[in-house]
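Notes follow the structure.
2 protein chains.
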Amino acid sequence: MTIIPKGYRFAVAAAGFKRPDRNDLGLIVSDVQAAAAGVFTKNRFQAAPVLTCRALLAARPYARALMANSGQANACTGEEGLGNCRATLKLAADQAGLAPEDVLPASTGVIGAQLKMDKWEVAAPQLGASLGHAAPSDVAKAMMTTDTFPKLVTRSLDLPGGEVRVLGMCKGAGMISPNMATLLAFVITDAGIEPEAWRGVLSHAANRSFNALTVDGDTSTNDSLIGLANGASGVTIGDAKSLRQLRNAVTSLCQELAYRIVQDAEGGTKVAHISVKGAKSPAQAELAARAVGTSPLVKTALFGCDPNWGRIIAALGRSGADFEPDAVELRIGGVLVFEKGQPAPEDLDALLAPSMRHQDVEIALDLHAGHGAFTLLASDLSKRYVEINADYRT
Amino acid sequence: MTIIPKGYRFAVAAAGFKRPDRNDLGLIVSDVQAAAAGVFTKNRFQAAPVLTCRALLAARPYARALMANSGQANACTGEEGLGNCRATLKLAADQAGLAPEDVLPASTGVIGAQLKMDKWEVAAPQLGASLGHAAPSDVAKAMMTTDTFPKLVTRSLDLPGGEVRVLGMCKGAGMISPNMATLLAFVITDAGIEPEAWRGVLSHAANRSFNALTVDGDTSTNDSLIGLANGASGVTIGDAKSLRQLRNAVTSLCQELAYRIVQDAEGGTKVAHISVKGAKSPAQAELAARAVGTSPLVKTALFGCDPNWGRIIAALGRSGADFEPDAVELRIGGVLVFEKGQPAPEDLDALLAPSMRHQDVEIALDLHAGHGAFTLLASDLSKRYVEINADYRT
Numbered sequence: 131m132t133i134i135p136k137g138y139r140f141a142v143a144a145a146g147f148k149r150p151d152r153n154d155l156g157l158i159v160s161d162v163q164a165a166a167a168g169v170f171t172k173n174r175f176q177a178a179p180v181l182t183c184r185a186l187l188a189a190r191p192y193a194r195a196l197m198a199n200s201g202q203a204n205a206c207t208g209e210e211g212l213g214n215c216r217a218t219l220k221l222a223a224d225q226a227g228l229a230p231e232d233v234l235p236a237s238t239g240v241i242g243a244q245l246k247m248d249k250w251e252v253a254a255p256q257l258g259a260s261l262g263h264a265a266p267s268d269v270a271k272a273m274m275t276t277d278t279f280p281k282l283v284t285r286s287l288d289l290p291g292g293e294v295r296v297l298g299m300c301k302g303a304g305m306i307s308p309n310m311a312t313l314l315a316f317v318i319t320d321a322g323i324e325p326e327a328w329r330g331v332l333s334h335a336a337n338r339s340f341n342a343l344t345v346d347g348d349t350s351t352n353d354s355l356i357g358l359a360n361g362a363s364g365v366t367i368g369d370a371k372s373l374r375q376l377r378n379a380v381t382s383l384c385q386e387l388a389y390r391i392v393q394d395a396e397g398g399t400k401v402a403h404i405s406v407k408g409a410k411s412p413a414q415a416e417l418a419a420r421a422v423g424t425s426p427l428v429k430t431a432l433f434g435c436d437p438n439w440g441r442i443i444a445a446l447g448r449s450g451a452d453f454e455p456d457a458v459e460l461r462i463g464g465v466l467v468f469e470k471g472q473p474a475p476e477d478l479d480a481l482l483a484p485s486m487r488h489q490d491v492e493i494a495l496d497l498h499a500g501h502g503a504f505t506l507l508a509s510d511l512s513k514r515y516v517e518i519n520a521d522y523r524t
Numbered sequence: 131m132t133i134i135p136k137g138y139r140f141a142v143a144a145a146g147f148k149r150p151d152r153n154d155l156g157l158i159v160s161d162v163q164a165a166a167a168g169v170f171t172k173n174r175f176q177a178a179p180v181l182t183c184r185a186l187l188a189a190r191p192y193a194r195a196l197m198a199n200s201g202q203a204n205a206c207t208g209e210e211g212l213g214n215c216r217a218t219l220k221l222a223a224d225q226a227g228l229a230p231e232d233v234l235p236a237s238t239g240v241i242g243a244q245l246k247m248d249k250w251e252v253a254a255p256q257l258g259a260s261l262g263h264a265a266p267s268d269v270a271k272a273m274m275t276t277d278t279f280p281k282l283v284t285r286s287l288d289l290p291g292g293e294v295r296v297l298g299m300c301k302g303a304g305m306i307s308p309n310m311a312t313l314l315a316f317v318i319t320d321a322g323i324e325p326e327a328w329r330g331v332l333s334h335a336a337n338r339s340f341n342a343l344t345v346d347g348d349t350s351t352n353d354s355l356i357g358l359a360n361g362a363s364g365v366t367i368g369d370a371k372s373l374r375q376l377r378n379a380v381t382s383l384c385q386e387l388a389y390r391i392v393q394d395a396e397g398g399t400k401v402a403h404i405s406v407k408g409a410k411s412p413a414q415a416e417l418a419a420r421a422v423g424t425s426p427l428v429k430t431a432l433f434g435c436d437p438n439w440g441r442i443i444a445a446l447g448r449s450g451a452d453f454e455p456d457a458v459e460l461r462i463g464g465v466l467v468f469e470k471g472q473p474a475p476e477d478l479d480a481l482l483a484p485s486m487r488h489q490d491v492e493i494a495l496d497l498h499a500g501h502g503a504f505t506l507l508a509s510d511l512s513k514r515y516v517e518i519n520a521d522y523r524t
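If you read the protein sequences in the order shown, they are chains A and B. Each residue of the first sequence is one higher than the last, beginning at 131 in this note's numbering. Each residue of the second sequence is one higher than the last, beginning at 131 in this note's numbering.
Shown next, in the form of structure tokens:
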């Protein structure tokens, strides 16, 4: 049975923003005001719901509800888009007996189109009728676009004050190289925690999960990780140890969600775990890992189960990271492939073939230049990715 | 009829490095010592022929011959690879009556495998027998890997001192985001020019051609642009005006070669001309253009002929370039698509449909933040690219 944090209700509606007969609008309502925090895209173009969320959280770090829709991104839509976003908050708030500023919005879909307000108006009463009758997984499904499965992860913690529960959901699949967070992730807990500490927990978790994965190197205009902590468990996070436990739980939950995003990448068949160590700094390690993880040649080789390690080395070489070429060691699936500037004297194709067939492929680089380390989760690049994205709007 | 610079002979051989029965080894020999210059990859891992070329040119800025092979990159091959490279220079030099240090090498193919020296030894006499009987296009064909047509461009200049001829050839197709030059480009002229001035000409041309294109954002370990100027026309480049004319001719020749590389990108169906102006600096304009031109989402939309301009704006937004989002203007095929933070109030899909069907698609961004400008040629991303690169070694 799913662990569900206390004091939250869920609702969904089929508004038909893009396709008929599927839920594309979801709402999570806390019974009481909850500490609220968000981590948002660093894209210079920020969607109307991102701008709205940031303004609401800056004014007051508490909220009652999270709302997500798929099928319409409300990005690059100017003043009209901001006005529409505010109108949708009022529509949802009226149904749940809240004030509009109690609702934090998130949207995903095609960039540039204005919201279809007529569909919102028809959907709102549906949302109201559904409140308290939908499951968390219904909301996770409503935020899906090209995802092939909903992404929902839970944790339960035994703290000195009692049990608290954490539930997270997200959607992924494409335009995924989050910078601060992934496209639409919600985390809710019934722990009681001050907003500033909660913000710290979310940002710690985002940096170690959503910000350490790449599907296609594209950062969305709508990336948002938003979290509510409503205290309904009766357990308040007061001491440093409980805070650390909650932070670890939220981080591991976000890492599991992040893994599922890469696992369900558009057209994806692989999850590459690209770990770089021995870099001059963590930033240099990240630079190297991202060059490898976003290389179309590395990604197509992964798709082809081809242990074409030269492409990994070539991507590292152009990454901008600083190191001595002759000092670099590369291991794939634990097998030493490259050191001292040349391949290991083995039948590498034969040795690597089994690792390349796995869904999870371990690519480990040691630059022997310092102590910086970074691990990136990356998808492969398949024909299906191209099909999906060449035809996305049709 | 092809313009051929005076005083050069051409040779090819079918060594069978990767596939039988096709020429995969080419040689260009100047009758006399020629001013020689090269522009090479900035990848930290540099192939044996790149390291060898750089060492030869550092020792002496003159050479008699350019040699290229496809099917074997001789990259990431350590000391053994360097020794093999030197041995191939001697094999070719013996056939042409030259010293090994007169020959500048370039290689392309799979990274990591050692050269098949037995095949080189069998091929060398073929190369010798062919010398003077092959055409420039034969050499251009011998350097092809996944290219679907050879890339050869010529220019003829009337200078005060008389006529000089310039001939350039290159290969492209994949692992293309040159940083200083593209994978294997040769330029030869019969103008007489000092090595330092010739180096300036080549580097000027490379920055405005091969360094302003991207296929997949991957920079090869073998990228080399090498040029010879042998003076066989009897015309010496002495005055500033003639130098400028030669520089312009070589630059326009390299731009035409660069265009053909993008036109013949692996699986490519489009050539996007991504021009960014109004950036705070040329470097910022380049950052913006490269973010758009390497975005898998922009590239798949191009492949799908989908005027999905929101992806262009999203890529610009994450590029790291500095600008005000509301000041940005985007035009596609001359049609104003986006300004003041929102789409132009038109039926954009209908207006843009004709432009998207063309092979050449003009994407013009004005950031209104300064005077920096940069234009990048970029290919699209097709299912065929994935097929080619998932199966490259098989």
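In this text, a Cβ means the ideal position worked out from N, Cα and C, and glycines have one as well. Bear in mind that the values here come from a model prediction, so they are computed numbers and not experimental data.
Counting along the chain, no beta strand (DSSP E) covers lysine 246(A), and no H or E run does either.
Residue-level contact by beta carbon fails for phenylalanine 170(A) and chain B, as no gap is shorter than 8 Å.
A straight line joining the alpha-carbon of glutamine 472(B) with that of glycine 208(A) spans about 5 Å.
Those residues of the segment 208-227 of chain A placed with their C-beta closer than 9 Å to a C-beta in chain B are Gly208, Glu209, Glu210, Gly211, ordered along the chain.
Classified as exposed, threonine 278(A) has fewer than 16 neighbouring CB atoms from the shown chains inside 10 Å of its CB. Annotation note: the segment 141-212 of chain A contains the following uninterrupted beta strand (DSSP E) runs of length 3 or greater, listed N- to C-terminal: 155-170, 192-202. Burial of serine 425(B) is indicated by the presence of at least 16 other C-beta atoms within 10 angstroms of its C-beta. Leu506(A) is the residue among Leu506(A), Val169(A), Asp479(A) whose C-alpha sits nearest the C-alpha of leucine 343(A). Taking all protein chains shown into account, valine 392(A) has 16 or more neighbouring C-beta atoms within 10 Å of its C-beta and is therefore buried. Taking every protein chain shown into account, the CB of serine 286(B) has fewer than 16 other CB atoms within 10 angstroms, so this residue is exposed. Methionine 299(A) and alanine 272(A) have their C-alpha atoms some 11 Å from each other. Secondary-structure assignment with DSSP links methionine 299(B) through a beta bridge to Leu282(B), Phe316(B). The beta carbon of serine 260(A) sits closer than 7 Å to the beta carbons of Ala141, Val142, Ala143 from its chain, once the five residues preceding and following it are set aside; these are given in chain order.
Leucine 427(A) has a beta carbon lying within less than 8 Å of a beta carbon in chain B.
As summarised for the segment 394-464 of chain A, the continuous alpha helix (DSSP H) elements at least 4 residues long and confined to that stretch are 412-424, 426-433, 439-447, given in chain order.
The Cβ-Cβ distance between leucine 157(A) and phenylalanine 316(A) does not fall below 8 Å. The beta-carbon of lysine 513(A) is placed less than 8 Å from the nearest beta-carbon of chain B. Relative to isoleucine 367(A), the option among Thr276(A), Ile323(A), Ser333(A), Gln385(A) whose CA is nearest is Ile323(A). When only Cα atoms are considered, threonine 275(B) and alanine 236(B) end up about 13 Å apart.
A contact is defined here as three or more CB-CB pairs under 8 Å, and the segment 378-386 of chain A meets this definition with respect to the segment 334-342 of chain A. Identification of chain A residues near aspartate 521(B) by a Cβ-Cβ cut-off of 7 Å yields Gly434, ordered along the chain. Short of 6 Å from the beta carbon of lysine 136(B), and not among the five residues preceding or following it, lie these beta carbons of its own chain, in chain order: Asp320, Ala362, Ser363. One alpha carbon belongs to proline 290(A), the other to valine 428(B), and they sit about 51 Å apart. The Cβ atoms of glutamine 244(A) and glycine 211(A) sit closer than 8 Å to each other. The shortest CA-to-CA distance from alanine 483(B) to any of Glu231(B), Asn438(B), Asp452(B) is the one to Asn438(B). Check the Cα spacing between valine 240(B) and each of Cys206(B), Lys220(B), Gly398(B), Val252(B): the tightest is with Cys206(B). Within chain A, the residues placing a beta-carbon under 7 Å from that of glutamate 517(B) are Lys513, ordered along the chain. The criterion of a C-beta distance shorter than 8 Å is not satisfied by glycine 447(A) and asparagine 519(B). Proline 235(B): member of the beta strand (DSSP E) spanning 233-238, first to last residue. Valine 465(A) does not reach chain B, its nearest Cβ partner there being about 14 Å away, counting only Cβ pairs nearer than 7 Å. In terms of Cβ geometry, alanine 451(B) and alanine 418(B) form a close pair [threshold 8 Å]. For serine 267(A), the uninterrupted alpha helix (DSSP H) run begins and ends at 266-272, by DSSP. Put simply, the CB of asparagine 204(A) is far from chain B, with every gap to its CB atoms at 8 Å or more.
Bounds of the beta strand (DSSP E) holding glutamate 492(B) are 490-496. Isoleucine 133(A) sits exposed, since fewer than 16 C-beta atoms from the chains shown fall within 10 Å of its C-beta. For alanine 474(B), the three-state secondary structure derived from DSSP is coil.
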